[in-house]
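Data first, discussion second: the structure below is written as structure tokens.
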Amino acid sequence: MLAPAVSGAGHLVAPIPLIKTGSANNKGMAMSTFLWILFSVLYVTALIVLGLATLRKGHYVLFFVGIFFPLLWIFGALMGPTPQAAEAA
């Protein structure tokens with residue numbers, strides 16, 4: 162007697178039971194999300210402050226290139242003002 166025909170490959174793989182997450186795992190996930198949001202807000206705030214300081218000091222090229230390389234905004238904010246910016250202030 163022949164074995165019954167089975168369509169598909171479902172009979173070759175054992176089903177994987179779903180993992181039940183406990184409250185500790187959910188709490189850790191919530192804390193992780195909170196930290197991501199907190200550090201993102203701090204990062205964006207620092208970039209805005211440093212970017213504006215770079216602009217105020219007259220380093221326009223550093224500001225526009227710093228949009229793609231934010232490290233340049235730190236340098237622009239720490240450098241002294243250009244002669245034109247110092248004269249205007």
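Counted the way the working numbering counts, the sequence shown spans residues 162 to 250. Each residue gets a CB set at the ideal place from its N, CA and C atoms; glycine is no exception.
Taking Leu233 as the reference, which of Ala207, Pro178 and Met192 has the closest Cα?
Translated into the one-based positions of the sequence shown, residue 233 becomes position 72. Among Ala207, Pro178 and Met192, the Cα nearest to that of Leu233 belongs to Ala207.
When DSSP labels each residue in this structure, what does Val205 get in the three-state scheme?
For the purposes of this step, residue 205 is taken as residue 44 along the sequence shown, with counting starting at 1. Residue state, collapsed to three classes: helix.
On the CB-based measure, 16 or more other CB atoms within 10 Å of its CB, does Phe229 come out buried or exposed?
Here residue 229 corresponds to residue number 68 of the sequence shown, with the count starting at 1. With fewer than 16 other Cβ atoms within 10 Å, it is exposed.
Could you compute how far the alpha carbon of Leu121 sits from the alpha carbon of Ala214?
The question about residue 121 has no answer, for the chain in this structure spans 162 to 250.
To the nearest angstrom, how far is the alpha carbon of Ala238 from that of Pro178?
Within the sequence shown, residue 238 is the residue found at index 77, counting from 1. Within the sequence shown, residue 178 is the residue found at index 17, counting from 1. Cα to Cα, Ala238 sits roughly 55 angstroms from Pro178.
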